[in-house]
Amino acid sequence: MRRGQGKRKAEVRELPRVSRRRKEEEEEAVQEARRRAAPSVREFKYNKKRVRLVSQGSDLKADARCILYWMSRDQRVQDNWAFLYAQRLALKQELPLHVCFCLVPKFLDATIRHYGFMLRGLQEVAEECGELNIPFHLLLGYAKDVLPMFVVEHGVGGLVTDFCPLRLPRQWVEDVRERLPEDVPFAQVDAHNIVPCWVASPKQEYSARTIRGKIHAQLPEFLTEFPPVIRHPYPPSCPAEPVAWEACYSSLQVDHTVKEVEWATPGTAAGLAMLQSFIAERLKSFGSHRNDPNKAALSNLSPWFHFGQVSTQRAILEVQKHRGKYKESVDAFVEEAVVRRELAENFCYYNENYDSVQGAYDWAQTTLKLHAKDKRPFLYKLQELEQGTTHDPLWNAAQLQMVREGKMHGFLRMYWAKKILEWTRSPEEALQFAIYLNDRYELDGRDPNGYVGCLWSICGIHDQGWAERAIFGKIRYMNYAGCKRKFDVGQFERRYTPRTLSQ
């Protein structure tokens, strides 16, 4: 750890301090809850609304030698509806189950910060799969190039994958579908959302208000306990090749200057420990203090949610147990982790321009265009923003928090993006800069939540028109004085001064 950082990190985030004994008790309680749901997914009443067929055919071929789960977005073993569906098929057909992950050399603006977090989480997945008699294969390359060959060589009878609404992962699925043998059925499971994205709503929802009722009406059906992924009783005919994890790192074509963070340990075990620390230490304050960047009130779970290392559904199941004691906080957490998160999924799924000003509502595009030529009080280049060297010490502090820790406080994400609109040459440039910085530094970058956060701030998505003003038009305005009324901005600024960037 670099000198002087330890104390500041402790101030920003309450790291898990759960005792070993308590942690073991909590893990056993979760395992027991799964066993009570069903001994295995074979005996569980699996809701097939979570599944949709990608291929034309649905019948497993008679000479199938195994079932394959192509893990992509949801990088965990337990509490994973896609993994469970694949095991359900394998148990029903009395076949071995294999898991594979396709490691691409680069993905959008992901850096070693993101790849390191992901790969160390996948190491945990590989170990757990081994304990469950399920071979884990790490395939180097794009799925369209490596997966169809794997399917043929291993006699895969059925392929299952998880779901992401973003265009590039959707293209990966389509590319594989086109190259799969015609007699191999291919199914997709939404293992990321509680209410499957295509079930929650058949269209793009206008706002949280319009989707909230639809989500809550379907929670009783979908917010269930998970059965366990069990030790698979049908052994594979050939084991998986041992994964050369160091070679995986050398295959990457990513920026190594954005370093991995120290406060967040990758993997499901660490993510569940963070969840339990949130429940034990911060949940009571979430309802009242979640918008104060100086208070330790947030769950800090977004990195694990983003990489699918922790299921949002598991988090809600655990947090809801405390509604009797912390109703305001539990309701607020459900609103953010379920309603707002699934609203973001809905937007990216139904709006192909989810990362563009063209994705905004007509009223917002009109008002932004009308004020595009308004004189800006300051104009900053991308490098100046990236280095946190603007005239605004609060904005700089928020930027430095993101650069250094990979996680900016949620309230400040709104202020941060709105100021980029105010300080750049056009709404298009503002959105481009905001998405670039978010995806480069935030551990949960390249996520529907991030795209919608930027478009909410800059383009008014899921918001309404406000009183018209320069530059912003009818887009909601935020300023420094408003932040001062909400929290002690000086306290936050002192924690993140420009010199910390090079320490």
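Quick note: the sequence shown, position 110, residue 109 per numbering that gives the first Met the number 0, numbers continuous.
Don't be surprised by glycine CBs; every beta carbon is placed ideally from N, CA and C.
Here the structure is a predicted model, which means the values were calculated and not measured.
(message) Check whether the segment 183-191 and the segment 109-116 are in contact - that is, three or more C-beta pairs closer than 8 Å.
(response) no
(message) Just to confirm the assignment, what range does the beta strand (DSSP E) spanning Trp262 have?
(response) One-based indexing of the sequence shown puts residue 262 at position 263. No beta strand (DSSP E) contains Trp262, which DSSP labels as neither H nor E.
(request) Let me know the secondary structure DSSP gives Val318 once reduced to three states. (result) Taking the first residue of the sequence shown as 1, we reach residue 318 at position 319. If DSSP states are grouped into helix, strand and coil, Val318 belongs with the helices.
(request) Report the three-state DSSP secondary structure of Phe486 (helix, strand or coil). (result) Here residue 486 refers to the residue found at position 487 of the sequence shown. Looking at Phe486 - three-state DSSP - the assignment turns out to be coil, as it is neither helix nor strand.
(message) Between His390, Gln55, Ala216 and Val103, which has its C-alpha nearest Val338's C-alpha?
(response) Counted from its first residue, the sequence shown places residue 338 at position 339. Of the candidates His390, Gln55, Ala216 and Val103, the one whose C-alpha sits nearest the C-alpha of Val338 is Ala216.
(message) If I measure Cβ to Cβ from Trp171 and keep anything under 6 Å in the same chain, skipping five residues before and after, which residues do I get?
(response) On the sequence shown, residue 171 is found 172 positions in, with the first residue counted as 1. Contacts found: Ala142.
(message) Rounding to the nearest angstrom, what Cα-Cα distance links Asp438 and Leu158 in this structure?
(response) Here residue 438 is taken as the residue at index 439 of the sequence shown, counted from 1. Here residue 158 is taken as the residue at index 159 of the sequence shown, counted from 1. Each residue's alpha carbon lies about 30 Å from the other.
(request) Would you kindly work out how many angstroms separate the C-alpha atoms of His305 and Asp446, rounded to a whole number? (result) Against the sequence shown, residue 305 aligns to sequence position 306. Against the sequence shown, residue 446 aligns to sequence position 447. Straight-line Cα distance between these residues: approximately 7 Å.
(request) Could you name the residues of the same chain whose beta carbon sits closer than 6 Å to that of Lys6, not counting the 5 residues immediately before and after it, in chain order? (result) Reading the sequence shown from its first residue, position 7 is the one you call residue 6. Residue placement at Lys6 cannot be trusted, given a pLDDT of 40 that sits under 50; what the coordinates show is reported in the next sentence. Excluding residues within five positions, none has a Cβ falling inside 6 Å.
(message) What would DSSP say about Gly120, mapped onto helix, strand or coil?
(response) As a working mapping, residue 120 is identified with position 121 in the sequence shown. Here Gly120 sits in helix by DSSP.
(message) Can you find the residues in the same chain that come closer than 8 Å, C-beta to C-beta, to Gln30, ignoring five residues on each side of it along the sequence?
(response) On the sequence shown, position 31 is the one that residue 30 refers to. Within the same chain, Gln30 has close Cβ partners Pro227.
(message) Quick check on Leu102: does DSSP put it in helix, strand or coil?
(response) In the sequence shown, counting from the first residue as 1, residue 102 sits at position 103. Residue state, collapsed to three classes: strand.
(message) Out of Glu204, Gln86 and Ile193, which one is the CA nearest neighbour of Phe162?
(response) As a position in the sequence shown, residue 162 is number 163, starting the count at 1. The residue with the shortest Cα to Cα distance from Phe162 is Ile193.
(message) Restricting to Cα atoms, I'd like to know which of Ile419, Val53 and Gly464 is closest to Arg178.
(response) Here residue 178 refers to the residue found at position 179 when the sequence shown is read from its first residue. The residue with the shortest Cα to Cα distance from Arg178 is Val53.
(request) Measuring alpha carbon to alpha carbon, tell me which of Glu127, His255, Val150 and Leu137 ends up nearest Leu67. (result) By one-based count along the sequence shown, residue 67 stands at place 68. Answer by Cα proximity: Val150.
(message) Let me make sure I understand the geometry here. Which of Arg475, Phe332 and Leu167 has the alpha-carbon closest to that of Thr366?
(response) For the purposes of this step, residue 366 is taken as the residue at position 367 of the sequence shown. That would be Arg475, whose Cα lies nearest to the Cα of Thr366.
(message) Extract the residue ranges of the alpha helix (DSSP H) inside the segment 424-463, only unbroken runs of 4 or more that lie entirely within it.
(response) 426-440 and 447-458
(request) Specify the secondary structure class of Thr160 as computed by DSSP and reduced to three states. (result) If you number the sequence shown from 1, residue 160 lands on position 161. Thr160: strand per DSSP, three-state reduction.
(message) Need the endpoints of the beta strand (DSSP E) that His136 sits in, please.
(response) Counted from its first residue, the sequence shown places residue 136 at position 137. Its beta strand (DSSP E) spans residues Phe135 to Leu139.
(message) Alpha carbons only, please: which of Trp80, Arg49, Tyr45 and Leu88 is nearest the one belonging to Arg513?
(response) Look at the range of the chain in this structure, 0 to 502, and you will see that residue 513 is not part of it.
(request) Out of Tyr450, Tyr479 and Ser249, state which residue places its alpha-carbon closest to the alpha-carbon of Asp421. (result) Taking the sequence shown and counting its residues from 1, the one referred to as residue 421 is at position 422. For the sequence presented, residue 421 should be read as Glu rather than Asp. When each option's Cα is compared against that of Glu421, the closest is Tyr479.
(request) Can you say whether Trp244 is buried or exposed, counting buried as having 16 or more other CB atoms within 10 angstroms of its CB? (result) In the sequence shown, residue 244 corresponds to position 245, counting from 1. So Trp244 counts as exposed.
(request) Mind the definition here: the segment 443-461 touches the segment 371-383 only if three or more C-beta pairs lie below 8 Å; say whether that holds. (result) no
(message) Under 8 Å, with one C-beta from each stretch per pair, do the segment 204-212 and the segment 449-466 reach the 3-pair mark?
(response) yes
(request) Would you give the residue range spanned by the beta strand (DSSP E) that Tyr68 belongs to? (result) Looking up residue 68 in the sequence shown gives position 69. Element bounds for Tyr68: Cys65 to Met70.
(message) If distances are taken between C-alpha atoms only, which option among Gly154, His97, Glu334 and Arg176 comes closest to Gly56?
(response) Along the sequence shown, read from residue 1 onward, the residue named residue 56 stands at position 57. Ranking the options by Cα distance to Gly56, first place goes to Arg176.
(request) Determine the extent of the alpha helix (DSSP H) in which Ala343 is found, giving its start and end residues. (result) Counting from one through the sequence shown, the residue named residue 343 turns up at place 344. Start and end: Arg340 to Tyr349.
(message) Tell me whether the segment 485-498 and the segment 387-406 touch, counting them as touching only if at least three CB pairs, one residue from each stretch, are closer than 8 Å.
(response) yes
(message) Let me confirm a value: Ser310 is counted as buried when at least 16 other C-beta atoms fall within 10 Å, else exposed. Which label applies?
(response) Residue numbering aside, residue 310 sits at position 311 when the sequence shown is read from its first letter. With 16 or more Cβ atoms within 10 Å of its Cβ, Ser310 is classed as buried.
(message) Counting C-beta neighbours from all protein chains within 10 Å, is the total for Arg484 16 or more, i.e. buried, or is it exposed?
(response) Against the sequence shown, residue 484 aligns to sequence position 485. Result: exposed.
(request) For Val11, I'd like the list of residues in its chain whose CB is within less than 6 Å of its CB, leaving aside the five on either flank, ordered along the chain. (result) Against the sequence shown, residue 11 aligns to sequence position 12. Because the pLDDT of Val11 is 45, which lies under 50, any placement of that residue in the model is unreliable, and the number read from its coordinates should be weighed accordingly. Within the same chain, Val11 has no close Cβ partners at all.
(message) Under DSSP, the alpha helix (DSSP H) around Phe82 begins and ends at which residues?
(response) Here residue 82 corresponds to residue number 83 of the sequence shown, with the count starting at 1. Start and end: Trp80 to Gln92.
(request) Please report how far the alpha carbon of Glu428 lies from the alpha carbon of Gly409, in whole angstroms. (result) Working through the sequence shown from its first residue, we reach residue 428 at position 429. Working through the sequence shown from its first residue, we reach residue 409 at position 410. When rounded, the distance between both Cα atoms is 22 Å.
(message) Three Cβ pairs or more, each shorter than 8 Å: is that satisfied between the segment 288-297 and the segment 313-323?
(response) no
(message) Once the 5 residues before and after Ala314 are set aside, which same chain residues still bring their CB inside 7 Å of it?
(response) Taking the first residue of the sequence shown as 1, we reach residue 314 at position 315. Taken in chain order, the residues that qualify are Leu274, Leu300 and Ala336.
(request) Report yes if the CB atom of Arg468 is closer than 9 Å to the CB atom of Arg424, and no otherwise. (result) Taking the first residue of the sequence shown as 1, we reach residue 468 at position 469. Taking the first residue of the sequence shown as 1, we reach residue 424 at position 425. Result no, Cβ atoms of Arg468 and Arg424 do not sit closer than 9 Å.
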